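Data block below; observations after.
Chains as they are written, first to last, in our numbering: chain S, 1 to 462; chain D, 1 to 462.
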């Protein structure tokens, strides 16, 4: 390619933000990458290109030296510079379609998502401001990878007061949420020799991760008092994963006697329970039932999250770990991550200690109580034949029909009406009951949408 | 225990923030947990306790019901209430010592830590504010777990412009930094059948994680032009982990011909390179050498981080992944995590697109250039016998002594003078050279401290 045609390929802008040699560099790099300048082909001399572009020769020499250092050009003393004779550099193509989009519905009854329109942005920003003020230079480094001390202290107080958790701040590890906690637990429990893991039946559906990590899952039935501890005791389980405060997805609150039986079993078998306390802050008929952890702190790993109380987008969770397992979990965390943003952690500590978190929860509890009521009223009016349960806590209801519905067809029909629905069936590892049960979240829709959503649902089911 | 002694144990504060029944509940729960109220022991009747405490009976009944639901009390119709007859609940004790503290030194020459006193707090707070304004309700949910779109777009532009990275935004995954990238890569490369992993010798010392994940590490020597590609080609390596822009820890910049040879090898063997581009933004003699990824985008996984450019505390990094490996990496990320804070990601996108990031880098480059100069001047004055290298880029220098020092003793003596030091030796998997090489970071100390630090160092070495 002659320096003449280089003029078509390249041009410099003296008023641009980019320096002149950077402009030359970038344009030539792009031309090589794009295939316009072919491997092995000669490029103009620095003198010639400088003249054509109307810039000084040292600028072009600088650009060529840079491109040579990066491997795009081959410069040899006394010979013409050439595009490096490497295999042609291909443009990236054949990308898979965007795989990170998630369906958004006007009527989204699918459980697991709190109200997303009430994030306390102004208060959170204040908390970030306070965090940045409070942090010393060393706090901006790599220290405190398991969690910053002020947040661990704030959580020990908060979890003790609101969730009945018994914790020394040193037992609290900060995570990016339950999914990271699960990754850590899978590694730590494996190392401890656990292979038989009991799970609630029905339960949280995202169970392939445990299977991929080599665990044998033992489904144990959940009845109206929580997980069947007698069945658990008959099994070979070495650990159990459960959600006692508001069982996912049935919404059952584990009874006092059942909790005691579980605590005894944990002690007798020297087993471990992983308590997924995902939405227990929301209880409507009375104060939330305290965490199982408080009954058996030596045997329960408590996992909490801000995903339901603040926002999933925050990605901030915590574990309370029995002292005996602490070093093991810390060692696993050390291997996979350097921990969560210290700024966010200091902000969360501020958010808790100022009472902003309590005030936010208070507000959300009232909001969700009204929405729950709106859903129940609408269900009574539009679908009188259903049996509603699991509503004393949490953010969704289980709605049982007296018969088996064509669930797939209903989900598809609902999608066409801009509605997201989920059935209980997919939460079973083994056989599900014949009757259909819909899981209806009331968290992320205003009351008017809940009412018209249930009316639309009735016509879909009709 | 009589209700009389209960008065000693419990009291209510009518002006407190806590409701009266919550006070009763909490105090009784603590007494049971602490062992003051023993398993099986009777507790006063609700009528009796209410009278003693001077509160209404329904309040005490509510507290008892709550404690029964949590498993602390056993209530039976017509019989006295008792503390549940479970095994004694132990207090948590024997906690290991705080394991998250890291040494802090007045003179900290250890590499890997940028200046921690210049985090751009005011601009970052503005970016968080802009993020919170820009985010729609759905952005506060679980979407975009691999990274929010505005940040991927901003990084594609930034990495293309500053690092010569060739990336479509869809190829960019957001991580919590290089450690999480490594966790993902270990899982993904294993699944792809990679068992033989070449690493730089000397190299980044944190290599047990790869070994724990089942890889065989093949040390390949680094010379003055970077990793020895001929030796790499003779090995059985299926993948290579390297830091071409500023080799860690020697500071060598990989030469153009060596880059081309590596790109050819990657193509011939259909191998994968993991490019750890940890501090390449800082180059002092000319513009930073572009990333290896730009030369072989189909074979290089590029890993970048904000740890050196902004702060380790931010925990925000990124990977650029070849299209062929994208689904594999996304699948691994899906299993271990729900992604980084969306708020932080939107903030970082804003920070980049407004030019705040460029301005911050510009400022830091000048600061580090001055510190580097101060270190070099001080070394020439105080330690004229040493050979300094690796200083054209990055945040530390390699300082070679003409003889073997008693390294352990020097580290210990330095500690007593409030100084942190690190030698090159521990970065070798195999045998290290006989001579001693100190790694001296100039990033996190003002010039005056660098000068007095080097003077102190000279007396320690003396």
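Glycine included, C-beta positions come from ideal geometry on N, C-alpha and C. These numbers were taken from a predicted model, which means no experiment stands behind them.
Let me know the secondary structure DSSP gives residue i once reduced to three states.
i, result
"residue 247/D", "coil"
"residue 311/D", "coil"
"residue 437/S", "strand"
"residue 140/S", "helix"
"residue 305/D", "strand"
"residue 91/D", "Low confidence applies here, because residue 91/D scores a pLDDT of 43, under 50, leaving its location unreliable; read the following figure in that light. Here residue 91/D sits in coil by DSSP."
"residue 216/D", "strand"
"residue 362/D", "helix"
"residue 66/D", "helix"
"residue 80/S", "coil"
"residue 461/D", "helix"
"residue 238/D", "coil"
"residue 419/D", "strand"
"residue 387/D", "strand"
"residue 426/D", "helix"
"residue 55/S", "coil"
"residue 398/S", "strand"
"residue 283/D", "strand"
"residue 276/D", "strand"
"residue 300/S", "strand"
"residue 21/D", "helix"
Return the Cβ separation of residue i and residue j in integer angstroms, given the expectation that the two are a contact with Cβ distance under 8 angstroms.
i, j, result
"residue 240/D", "residue 212/D", "Rounded, the Cβ-Cβ distance is 19 angstroms, inconsistent with contact."
"residue 401/D", "residue 436/D", "5 angstroms"
"residue 29/S", "residue 75/S", "So it is not a contact: roughly 15 angstroms between Cβ atoms."
"residue 361/D", "residue 281/D", "6 angstroms"
"residue 349/D", "residue 154/D", "4 angstroms"
"residue 425/D", "residue 412/D", "With 8 angstroms as the limit, residue 425/D and residue 412/D do not qualify as a contact, their Cβ atoms being about 15 angstroms apart."
"residue 422/D", "residue 439/D", "5 angstroms"
Tell me residue i's beta-bridge partners as DSSP assigns them.
i, result
"residue 175/D", "317/D"
"residue 377/D", "Partner(s): none; residue 377/D has no beta bridge."
"residue 226/D", "223/D"
"residue 48/S", "According to DSSP, which records beta bridges pairwise, residue 48/S is partnered with nothing at all."
"residue 201/S", "221/S"
"residue 74/S", "82/S"
"residue 442/D", "Paired residue(s): none; residue 442/D is not in a bridge."
"residue 107/S", "419/S"
"residue 393/D", "283/D"
"residue 196/D", "216/D"
"residue 42/D", "82/D"
Return the chain-ordered list of same chain residues with a C-beta closer than 8 angstroms to the C-beta of residue i, the five sequence neighbours on each side being excluded.
i, result
"residue 12/S", "20, 23, 24, 53, 54 and 55"
"residue 276/S", "178, 204, 241, 242, 243, 248 and 303"
"residue 147/S", "172, 173, 174, 318, 339, 340 and 345"
"residue 222/S", "200, 201, 202, 203, 228, 247, 250 and 252"
"residue 420/S", "103, 105, 107, 108, 109, 110 and 414"
"residue 416/S", "none"
"residue 100/S", "Confidence at residue 100/S is low in this model, with a pLDDT of 40, below 50, so the placement of that residue should be treated as unreliable; the coordinate-derived value is given next. Here the set comprises nothing."
"residue 463/S", "Chain S is shown from 1 up to 462; residue 463/S falls before or after that span and cannot be answered."
"residue 197/S", "189, 210, 215, 216, 217, 218, 237, 238, 239, 240 and 241"
"residue 372/D", "284, 391, 397 and 442"
"residue 80/D", "42, 43 and 45"
"residue 160/S", "166 and 167"
Which residues in the same chain as residue i place their Cβ atom closer than 7 angstroms to its Cβ, once the five residues preceding and following it in sequence are excluded?
i, result
"residue 308/S", "114, 278, 279 and 395"
"residue 297/D", "166 and 322"
"residue 285/D", "392"
"residue 182/S", "209"
Quick one: is the Cβ of residue i within less than 7 angstroms of any heavy atom of the ligand PLP?
i, result
"residue 203/D", "Here there are no bound small molecules, and the ligand PLP is not part of this structure."
Return the chain-ordered list of same chain residues with a C-beta closer than 6 angstroms to the C-beta of residue i, the five sequence neighbours on each side being excluded.
i, result
"residue 300/D", "273, 275, 292 and 293"
"residue 94/S", "In this predicted model, residue 94/S has a pLDDT of only 46, less than 50, meaning its place in the structure is not dependable; the value taken from the coordinates is given anyway. No residues qualify anywhere along the chain."
"residue 10/S", "27"
Is it the case that the segment 368-375 of chain D contacts the segment 385-403 of chain D, given that we only count it when at least three CB pairs across the two stretches are under 8 angstroms? At 8 angstroms Cβ cutoff, the stretches touch.
Three or more C-beta pairs under 8 angstroms: does that hold for the segment 134-151 of chain S against the segment 122-139 of chain D? no
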